Structure formats: C-alpha cells, structure tokens
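Step one of this worksheet: look at the structure below.
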Amino acid sequence: MVEEKRVSADEALGRIKKGSRVFIGSGCGEPQYLVERLVKQAERFFDVEIIHVLSIRDPGYTSTGLSGHFRVQTFFVAGRGAREAVWEGRAEYIPIFMSDIPRLLNERRLEIDYALIQVSPPDKNGYMSLGIAVDVAKEAVEAAGVVIAQVNPAMPTTLGDSFIHVGEVDFLVDKEEPLLEVGKPPLTETDLAIGRNVARLVEDGATIHAGLGHLPSAALICLKDKKDLGIHTDMLTDSTLELIRSGAVTNQKKEIHRKKVVASYCLGTRELYDFVHLNPFVELYPVAYTNDPNVISRHERMISIHEAMEVDFTGLVCASSYRNRIYTGIGGLVDYMRGTSRSSQGKFIVTLHSLTEDGQCSSIVPGITPGSGLMASRAAVQYVVTEFGWTNLHGKSLRDRTIALLEIAHPKFRQELLSRAQLDGLLAHGEPITFSTAGIYPTEMEKKIIRRDQNLLLRPAKPTDLRSIQEFFYGLSDQDIYYRFLRSKQAFPREEMAAIVDIDYHYRMTVLALSGEPGSDKIVALGRYIAESAEGLAEIDIAVGQDHRRLGLGQAVLEVLFETARVKGFPGIKALVDYDNPRMIMLLKKMGYNMRAILDHGVYEVEILFEEKSAEPSFVVTYA
Numbered sequence: 052m053v054e055e056k057r058v059s060a061d062e063a064l065g066r067i068k069k070g071s072r073v074f075i076g077s078g079c080g081e082p083q084y085l086v087e088r089l090v091k092q093a094e095r096f097f098d099v100e101i102i103h104v105l106s107i108r109d110p111g112y113t114s115t116g117l118s119g120h121f122r123v124q125t126f127f128v129a130g131r132g133a134r135e136a137v138w139e140g141r142a143e144y145i146p147i148f149m150s151d152i153p154r155l156l157n158e159r160r161l162e163i164d165y166a167l168i169q170v171s172p173p174d175k176n177g178y179m180s181l182g183i184a185v186d187v188a189k190e191a192v193e194a195a196g197v198v199i200a201q202v203n204p205a206m207p208t209t210l211g212d213s214f215i216h217v218g219e220v221d222f223l224v225d226k227e228e229p230l231l232e233v234g235k236p237p238l239t240e241t242d243l244a245i246g247r248n249v250a251r252l253v254e255d256g257a258t259i260h261a262g263l264g265h266l267p268s269a270a271l272i273c274l275k276d277k278k279d280l281g282i283h284t285d286m287l288t289d290s291t292l293e294l295i296r297s298g299a300v301t302n303q304k305k306e307i308h309r310k311k312v313v314a315s316y317c318l319g320t321r322e323l324y325d326f327v328h329l330n331p332f333v334e335l336y337p338v339a340y341t342n343d344p345n346v347i348s349r350h351e352r353m354i355s356i357h358e359a360m361e362v363d364f365t366g367l368v369c370a371s372s373y374r375n376r377i378y379t380g381i382g383g384l385v386d387y388m389r390g391t392s393r394s395s396q397g398k399f400i401v402t403l404h405s406l407t408e409d410g411q412c413s414s415i416v417p418g419i420t421p422g423s424g425l426m427a428s429r430a431a432v433q434y435v436v437t438e439f440g441w442t443n444l445h446g447k448s449l450r451d452r453t454i455a456l457l458e459i460a461h462p463k464f465r466q467e468l469l470s471r472a473q474l475d476g477l478l479a480h481g482e483p484i485t486f487s488t489a490g491i492y493p494t495e496m497e498k499k500i501i502r503r504d505q506n507l508l509l510r511p512a513k514p515t516d517l518r519s520i521q522e523f524f525y526g527l528s529d530q531d532i533y534y535r536f537l538r539s540k541q542a543f544p545r546e547e548m549a550a551i552v553d554i555d556y557h558y559r560m561t562v563l564a565l566s567g568e569p570g571s572d573k574i575v576a577l578g579r580y581i582a583e584s585a586e587g588l589a590e591i592d593i594a595v596g597q598d599h600r601r602l603g604l605g606q607a608v609l610e611v612l613f614e615t616a617r618v619k620g621f622p623g624i625k626a627l628v629d630y631d632n633p634r635m636i637m638l639l640k641k642m643g644y645n646m647r648a649i650l651d652h653g654v655y656e657v658e659i660l661f662e663e664k665s666a667e668p669s670f671v672v673t674y675a
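In this text, residue positions in the sequence shown follow the numbering used here: the first is 52, and each later residue adds one.
Here is the structure:
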C-alpha cells in the first residue's frame, strides 16, 4: 500500500484543479517542499484558495505576481512575512476561535478539496505521526477529497493522538528537509520584570498555558522556582522546554493527564523537536481537545498567560490587532479565557508593557484605540500585569478598575491618566487618590508567610486598598480602635483613610497582612510609619484583626516596618501606646532593642534607636 502511493511532488500536485481549495499544514510543520513545488507550478493554477491555520512566514504564494493564481486565507498570523502579506492585502485573515476551526472543517462549512500535510515515515503498521503540527490536521485529512503527505524523516514522532494511517492518504511524497524553526524571543529586563510579577500569581501545583509573545515567554522563564507545575497548552515553545528542564514541571498535580505535558503543536527549534520525539512525558492532541474550554476547566489552578497591546480603564483588552492592522489573531486566547474562568482557582492573566513600543504613550489607556481588535470583554478580564505590578479587575466597579490600572501604569503618565479619568467621569473630581512619580510600588517587599496552615501575604498598601482598609477598621472592637487611634471613633471616612494609602514607600509606609486569593483577599493586620524628615524618628502604629490574634502577625508586620525604616536611613522609631495596652509594649520588646518611654496622661511616648540592639532589651520609663 505504501509503495503504490509514493509519487513525485509534481505528479501529486498535478492533480490539483483550478478554483479548488487547498489546506496546507501549519506553523513549523508546514510541508515546505510541497509548497515550493506548488509555487513553481503557479502558472497552471487559477483562483486556488489556500487555507492556513497558523502562518509563521511568507511562503511565496502570497507574492503580488501570483494574485490571480493563489488566494490565501489564514486563521492566525505568527510571523513578520505572513503579517505583512495580510497588511498588504496579499492574504486574508479569518477571525475565529481556535477551538471552532475543527468544527468548521468537520461540518464542511469550509470545504477542503486537497490537504497538503507533513508526516513522519510510516511504521511497520502503516501509521505516520503528524509530529509537531497536530492542531487541525486530522480534521483536514478527514475533510479533504485528496490528501498529499510529505514524508520527512526530520519530523519527530509524537505520542498522544497524532497518528494517521497511510490508508487515509492518497499520495506520499518522500522529501527530507529541516523543519521550520522559531527561536526564543530576546527578552529585556522589562520583560523579565513583568515575568516576575506573573510568577507572584502562580502557586505550586498550578497548570500552565502560555500564549505567543515575549511576555508569556518571560513568564515561563520566571516560573523555574515553582514546584509540581503542570502543562496543558495548545503551543509548546523553547521557553516551555526550558521550564520543563528546570525541574519545575512534574504534572503530578494535574486533574487529567497526570504526569503528562499536553499540547497540540510546537513552535520552536530542533532542540524542542528532539525532546518531543517518542517522549512518553509529552502528548500532542488535536486543538479541538486542547482548546476545549470544558477540558481546560477540569484543571484546578489553571493559569493562562497572554500578551496584550492595550488595556483601557474599564478592562477592555486589545491583543490581536491595532489600528486595523492584524498582528496575531484570536488563536487560543478566548478558549483559555473561557476555560480558566470555569477552573477552580483559575487565573486568566493579561500582560503588557506599561508603555507603547516607541515609549511615547501609555499602554493603559482611557479607551481602546479605534480600529483595534477587542479580545477580552470587561466582564471576562481578570488579572492585568505590567512591570509595575499586577491587579485583579474581576468583580470590581469601573471606579475601582480605573484606580487599579493607574497603579500599574507608567509613573510618568499616572497623573495625566488620573485627570482624564476624572474628566470622563470614572473618578470624581477631588477623589482622595494621588499617584506620586517617586512612589513606585516595591514588589520586592511582598512576602508570603504561613501561620497555623493559613497562607498569608505581607505587602505594602496600594490605593486600591482604601475600601478594604475601611472594612478592616469597621471590623475592630471599640477597644482595639481606641488603642489604635487613642480616641473613640465611630466612622472611618474615605477622605481620612486615604492618608493610609497615600504613601511614597519611604517617608510614608503602610504594610498589610492579607488572607485569601489575590484580588479577593481581606486585610487581617495593618501597620504603618510616618517620618517627617530623614533625621527624625519614624512614628509607627499597628492593628491586628480579632480573628487573627496569637499568630505572630503583629510581630511580622512590625519586623517589616522596622527593617524598612532602618534601610531607608531613619535612626529609629517612636510610638504612642496606651497605658492599658500592655500587649503592644510586649510586642515592641520582642523586636530586640532598648526602649525609652515617657508616660504622660496615660500614654507611653516610646522611642527606639536602631543602634541600640540588645539581647536583653531594657525598658526605661520616666514620668511627665
């Protein structure tokens, strides 16, 4: 059966009729030799429509001189040559969810006359692997009237659901040649800063999907310190391979396909292709399976990471096209957005640089640039990450979204964007929120701690914490409120509480302890210091919620405040402590410094100098 189907490329391609529709294998699995011979015969073809799922190059049949012979339609654009062909009108882009393409073929709503694919050599049973390009190739083979396969020994044999039988193919063309390759993108320090911020949102045991682009690649590189990660994705890249080889990926915690990396195609180099060849750790499946939101949602802690061009104040995301120019396509973004939204503890993460490519404009914008393609609606967006931090927009009001996005916008544009938000009515004039260009959120201060099996996060406060701080104080007892403010208080108005989040992380610092998932967490302890000058002492105060006492949270918050004040160059701290609040005095003693205090009208005025560290701290009190 095999021998009788072996023919030359020209003989096989000679069967293609004028006006027909031809499917060509995707991405790095493109049958280059068949394409080359097809272009050589261009003069005998007229109005042949070529269907490509994913284009990484300009293969030749899109040239202007062949416009009457070939017309190209593609579902996704991943390379500059293919992108320019679309821009110049030499190829057409079809917007569609990646998971819907198989149905388009199966239901013959897009009829395929011929399919040109690339496979590994047949085994003794007549089975050939689609190798690094499973995606929709099986559906194309089933839908096509005639199937022409380039048999290439360079194509790896991948496991999973990648095989077709020689009986499903009409013609076999033997041709060994190097597969197309896509190297890792060069990463800047800004890219890696964004990657590190993404890593803060990823827990051990999570299952990862990463889209195309520099920033998802940077995120993968920054996940190397995680444990027991899983991979369920449509696309494997060299960055994914680097993460796997770091030891961070075991797939042990996956709910389905445990101990297996699951993907649909590879966009990488020969090193990746050699890795997936006959590797039982990796399985490739059709995109109808890998991108099925119901399959994706079966993974707990499913993480999907994507790159965007713009995000507006309300949470609209531009990711595929900008000013009527197609840069990529819908691809798997919406499939994985749907899947992660249904996943228990799932996270859909949008990454972007805070500035446009030329550095002249903010990528956080009042409204998406006209003509740009929207990829995520306001209701669907969850996490947004820039080099200045991350925020969770899900379930937040337009006002809170605006403030959250201003926090992670580039500092040089924050005041301008704030004014625009007020002009547009998203924020009220006189809103007690300010953004200092000097006060850049110090992500390095974030620290995870465990207390009695509770995962807690210590971090500096942000403007978006204002409402949570109000709720924290309203949850304290009257006595706790008196100890914190040294007076009774019935209300904690926004204008007053705004001072707690109006910080510059130097002279004014607020530290929070939070419990729960990022973005939906609640404050369980709060501490801050204020210093009027570099030479003066920093005045501190703290409060711990009733349900989180005796966990060492007060000491943990104080340690952060003490260390920050010391590093910033302040000589020490001071505090006002009520005489009837001995717990606070004991807490200060635990910090390991000699203490002096003046007791005046029932209030200790405590002073501590950082140079007076002591193994047996003293507490000297004088009376006013």
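From the three backbone atoms N, C-alpha and C, an ideal C-beta is built for every residue, glycine too.
Nothing here was measured: the structure is a model prediction, and the numbers come from that model.
*Starting from E590, follow its DSSP beta bridges and name the residues at the other end.*
The residue you call residue 590 lines up with position 539 of the sequence shown. Its beta-bridge partners are I581 and K625.
*Give the single residue among V552, G481, E546 and M496 whose Cα lies nearest to the Cα of T515.*
Against the sequence shown, residue 515 aligns to sequence position 464. Here the closest residue by C-alpha is V552.
*Which residue spans inside the segment 84 to 115 form an unbroken alpha helix (DSSP H) run of at least 4?*
none
*Are the beta-carbon atoms of F364 and T291 separated by less than 7 Å?*
Counting from 1 along the sequence shown, the entry for residue 364 is found at position 313. Counting from 1 along the sequence shown, the entry for residue 291 is found at position 240. It is not a contact, given that the beta carbons lie outside the stated cut-off.
*Going by beta carbon distance, what residues of the same chain come within less than 8 Å of R247, once the five residues before and after it are set aside?*
Walking along the sequence shown from the start, residue 247 turns up at place 196. If we look at R247 and ignore the five residues flanking it on each side, its Cβ neighbours are C273 and T494.
*asked:* So the candidates are I67, I163 and M52; which of them puts its Cα closest to the Cα of I102?
replied: For the purposes of this step, residue 102 is identified with residue 51 of the sequence shown, where counting begins at 1. Comparing Cα positions, the closest option is I163.
*In or out: Q530 buried (at least 16 other Cβ within 10 Å) or exposed?*
Numbered from 1 along the sequence shown, position 479 holds the residue referred to as residue 530. It counts as exposed.
*DSSP three-state call for Y533: helix, strand or coil?*
The count along the sequence shown starts at 1 and reaches residue 533 at position 482. Looking at Y533 - three-state DSSP - the assignment turns out to be helix.
_For a test of the three-state rule: what should DSSP assign to S268, helix, strand or coil?_
Numbered from 1 along the sequence shown, position 217 holds the residue referred to as residue 268. S268: helix per DSSP, three-state reduction.
*Does the distance from the C-beta atom of Q124 to that of I107 stay below 7 Å?*
For the purposes of this step, residue 124 is taken as residue 73 along the sequence shown, with counting starting at 1. For the purposes of this step, residue 107 is taken as residue 56 along the sequence shown, with counting starting at 1. Taking 7 Å as the Cβ cut-off, Q124 and I107 do not qualify as a contacting pair.
*What residues are listed by DSSP as bridge partners for K692?*
Residue 692 is absent from the structure shown; the chain starts at 52 and stops at 675.
*So, G19 versus V128, is the Cβ gap smaller than 7 Å?*
Nothing in the structure corresponds to residue 19, since the chain is present only between 52 and 675.
_Please state the DSSP three-state secondary structure of M388._
One-based indexing of the sequence shown puts residue 388 at position 337. Reduced to three states, the DSSP call for M388 is helix.
*Express the C-alpha separation of R617 and E586 in angstroms, rounding to a whole number.*
Counting from 1 along the sequence shown, the entry for residue 586 is found at position 535. Counting from 1 along the sequence shown, the entry for residue 617 is found at position 566. Looking at the two C-alpha atoms, the distance is approximately 12 Å.
*asked:* I need the boundaries of the alpha helix (DSSP H) containing E458, first residue and last residue.
replied: Residue numbering aside, residue 458 sits at position 407 when the sequence shown is read from its first letter. Run containing E458: L449 to I459, per the alpha helix (DSSP H) assignment.
*Can you say whether P544 is buried or exposed, counting buried as having 16 or more other CB atoms within 10 angstroms of its CB?*
On the sequence shown, residue 544 is found 493 positions in, with the first residue counted as 1. So P544 counts as exposed.
*asked:* Closest to P331 by C-alpha separation, out of A250, V435 and L210, would be which residue?
replied: Within the sequence shown, residue 331 is the residue found at index 280, counting from 1. Here the closest residue by C-alpha is L210.
*Just the C-alpha distance for E81 and L105, rounded to the nearest angstrom, thanks.*
Position 30 of the sequence shown, counted from the first residue, corresponds to residue 81. Position 54 of the sequence shown, counted from the first residue, corresponds to residue 105. Taking the straight line joining both Cα atoms gives about 9 Å.
*Delimiting residues of the alpha helix (DSSP H) encompassing Y324*: As a position in the sequence shown, residue 324 is number 273, starting the count at 1. Here the alpha helix (DSSP H) through Y324 covers R321 to V327.
*Can you name the start and end residues of the beta strand (DSSP E) that Y336 belongs to?*
Here residue 336 is taken as the residue at index 285 of the sequence shown, counted from 1. That residue, Y336, is in no beta strand (DSSP E); it is neither H nor E in DSSP.
*Is D164 helix, strand or coil by DSSP?*
Working through the sequence shown from its first residue, we reach residue 164 at position 113. Residue state, collapsed to three classes: coil.
*Among all the DSSP beta bridges, which residues are the ones paired with C317?*
For this step, residue 317 is matched to residue 266 along the sequence shown. In DSSP, C317 forms a bridge with L287.
*Have a look at A289 and K513 and give me their C-alpha separation to the nearest angstrom.*
For the purposes of this step, residue 289 is taken as residue 238 along the sequence shown, with counting starting at 1. For the purposes of this step, residue 513 is taken as residue 462 along the sequence shown, with counting starting at 1. At residue 289 the sequence reads Asp, which differs from the Ala that was named. C-alpha separation (whole angstroms): 36 Å.
*asked:* By alpha-carbon positions, which one of H404, E547 and E334 ends up nearest to D212?
replied: On the sequence shown, residue 212 is found 161 positions in, with the first residue counted as 1. Nearest C-alpha to D212: E334.
*Looking at the unbroken beta strand (DSSP E) that takes in M353, where does it start and where does it end?*
As a first step, residue 353 is located in the sequence shown; it is residue number 302 there, counting from the start. That run of the beta strand (DSSP E) goes M353 to E358.
*Do V401 and H357 have their CB atoms nearer than 7 Å?*
In the sequence shown, the residue the question calls residue 401 occupies position 350. In the sequence shown, the residue the question calls residue 357 occupies position 306. Contact: yes.
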